[in-house]
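A short write-up of the structure that comes next.
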Amino acid sequence: MNCEEVREYLLPFIDQELNKKVSSEIETHLHSCPLCSREFKSEKRIESAIREKMVRDRAPLVLRQKLIRQIDRQEPRSSLWWVLSSLFQSRPKRVLASMALLAIIIGSFYIYRTVRTPYFPLFQEALNNHTDFLTGGFSLEIASSQAEEVSRWFEGKVDFPVSVPEFPGGEIELLGGKLIRIKDQDVVYLFYRSEEHDISFLMHDCTGVRLPRVRSVEVHGQKFDVFTSQGYNVIHLEDHHETPCTIVSDMDLQLLLELFSRTQPSSV
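Put into structure tokens, the structure is as follows:
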């Protein structure tokens, strides 16, 4: 693995969410790369600090016990309000301090959930599916060169729009598609072939998904996320098609970007 690949999967590696093979490759790289090793240690310290903060910042035991006793004495409808009102009147500073502490705990939890949400390894999984298909790891479920026919086949199988790109001139041929799953998510897989190149085209719902950080480029007003590994180019776009899509190919990166900045989808 190179530095870019290691940094992409550093957070899921820290959270122990990668398989043994990928984790072993990352460990090997960290032993030999001081820069990546330093970044790894920095990320570990951040996560440890957040976890420690969440465990340590709890309301004082005396205050929690008093709240419980007061609540137990009251009627269900007014107990909580009465306790809070009583405590505020007798110990306003302590109540305000506890409220501030509660706000810190909630804020820390939100930051932890937002910042430390594991990356969804979409780009690497898309690359793995591409190489699996090329080596006979799986076959297509719908074999057709007609975009509309392939689109109709996926109707009712997924809960997002399926847009099958068409390439004028016949230089790139659609072979068909298959419904696959990546990390418990349904993904539409399409396969194209030209005289010189193979192309995998994946469509998926990215709602609530945190994608790895990669470089971005813009072609003809379209923004693409770009990832390169093992001699393959992986590009991802969300604002050109109805449904976010990821493309994998051994085609030259600039040609691949030009190609998919001009495609027209056929939707169901």
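Here the sequence shown is numbered in full-length UniProt numbering, starting from 1 and rising by one per residue. For each residue, glycine too, the CB sits at the ideal point set by N, CA and C.
Helix, strand or coil at residue i [DSSP, three-state]
i           : result
residue 181 : strand
residue 148 : helix
residue 167 : coil
residue 223 : strand
residue 191 : strand
residue 172 : coil
residue 132 : helix
residue 76  : Any reading at residue 76 must be qualified, since the residue scores a pLDDT of 48, below 50, and its modelled position is unreliable; the value itself is stated next. In this structure, residue 76 counts as coil in the three-state DSSP scheme.
residue 122 : helix
residue 43  : helix
residue 8   : helix
residue 1   : coil
residue 267 : Any reading at residue 267 must be qualified, since the residue scores a pLDDT of 42, below 50, and its modelled position is unreliable; the value itself is stated next. Reduced to three states, the DSSP call for residue 267 is strand.
residue 101 : helix
residue 33  : coil
Residue from the options whose Cα sits closest to the Cα of residue i
i           : options            : result
residue 205 : 194, 172, 10, 189  : 189
residue 220 : 250, 243, 259, 247 : 259
residue 159 : 5, 43, 243, 100    : 243
residue 211 : 32, 124, 39        : 124
residue 163 : 246, 229, 138      : 246
residue 175 : 187, 134, 181, 20  : 134
residue 40  : 13, 19, 22         : 13
residue 130 : 191, 6, 253, 166   : 191
residue 168 : 180, 154, 187, 145 : 145
residue 132 : 5, 254, 249, 253   : 249
residue 15  : 157, 186, 136, 45  : 45
Counterpart residues of residue i in DSSP-defined beta bridges
i           : result
residue 228 : 233
residue 245 : 203, 237
residue 216 : 225
residue 142 : 177
residue 198 : 193
residue 186 : 181
Pair within 9 Å by beta-carbon distance, residue i and residue j
i           : j           : result
residue 234 : residue 120 : no
residue 142 : residue 149 : yes
residue 173 : residue 152 : no
residue 183 : residue 140 : no
residue 218 : residue 195 : no
residue 214 : residue 47  : no
residue 1   : residue 25  : yes
residue 122 : residue 236 : yes
residue 36  : residue 10  : yes
Check: Do the region 214-228 and the region 196-203 touch if we need at least three Cβ pairs shorter than 8 Å?
Finding: no
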